[in-house]
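Worksheet for the structure shown next.
Protein chains in written order, with the working numbering: chain B, 63 to 159; chain E, 63 to 159.
So this is what it looks like as C-alpha cells:
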C-alpha cells in the first residue's frame, strides 16, 4: 500500500528570499536523489488558517521503502544540516487510501 | 490557478465505529454534491507524529470556485450540523503549485 509522506513547514528565511529559493531547490535535489522517493512536489500553503508556508510531498511504494528513506544517510544529513537549522515550524502527515 | 483545499482532522467517534463510517460517507456524499468540488478524496493519516486521523481533500479550479463552495448553503449546513459537533480537532491547509 503506497504512502504519501508530507511535511508542511515554515522557514526562518523571508518569503521570496534567495535563502528560501536555495533551500527549496536543494531540498528538491537532495531528497529526490534518495531511492524510493516518487512524485516529489513542493507547493505553497496559502490558507490564512495556518502560518505554515510550504509543503514537501513524496510517495513511497510501501512502508519498507519509506523506512529505507527515513534511515538513508542523505536524508539524515539533510535533516541535521539544513532542516533543523532553517525550519522554524513544521507538521508531518502521512496519508494512505 | 487550481487550489487543493485540505483538512486533516480527528473525530469524536472511536476509530472503526459505525459513527465514523457514517460521518465519512455523509461527508463524501454531501461535499461532492457542491458545484466546483473536484477530485474529492478521504484518506487516513497514519504518522505517529500527528494525532489527527483523516484527511478530506478537494481541488478547485480557481479561487472563485473555492469561494463559491465556502459560502454554499450545503457546505455551511454540513459545517454547523456535522463538522462542529463531531470533529474534535482539525487543521486546514490549501496548496498551490
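For glycine and all other residues, C-beta sits at the position ideal for the given N, C-alpha and C.
Note to self: By the three-class DSSP mapping on this structure, what secondary structure does residue 116 of chain B have?
What the structure shows: strand
Check: Can you list, in chain order, the stretches of the beta strand (DSSP E) that have 3 or more residues and sit fully within the segment 63-104 of chain B?
Finding: 65-73
Check: Would DSSP call residue 154 of chain B helix, strand or coil?
Finding: strand
Note to self: Just to make sure I have the definition right: I need the residues of chain E whose C-beta is within less than 9 angstroms of the C-beta of residue 70 of chain B. Which are they?
What the structure shows: 153, 155, 157
Next item on the list: Would you please verify whether the beta carbon of residue 79 of chain B is less than 7 angstroms from any beta carbon of chain E?
Entry: no
Notebook entry, point to check: Mind checking whether residue 74 of chain E and residue 148 of chain E have CB atoms under 7 angstroms apart?
Noted result: Between residue 74 of chain E and residue 148 of chain E, the gap from beta carbon to beta carbon is short of 7 angstroms.
Notebook entry, point to check: Is the CB of residue 106 of chain B under 7 angstroms away from at least one CB in chain E?
Noted result: yes
Next item on the list: Measuring alpha carbon to alpha carbon, tell me which of E:109, E:139, E:117, E:135 ends up nearest residue 103 of chain E.
Entry: Nearest of E:109, E:139, E:117, E:135 to residue 103 of chain E, Cα basis: E:117.
Checklist line | Interface residues of chain B facing residue 112 of chain E [CB-CB closer than 8 angstroms] | finding: 153, 154, 155
Note to self: By the three-class DSSP mapping on this structure, what secondary structure does residue 136 of chain B have?
What the structure shows: helix
Notebook entry, point to check: Between the Cα of residue 123 of chain E and the Cα atoms of E:134, E:106, E:98, which residue gives the shortest distance?
Noted result: E:98
Margin query: Using C-beta distances below 6 angstroms, list every residue in its chain close to residue 156 of chain E, excluding the 5 sequence neighbours before and after it, in chain order.
Written below: 65, 67
Note to self: Does residue 108 of chain B come out as helix, strand or coil in the three-state DSSP assignment?
What the structure shows: coil
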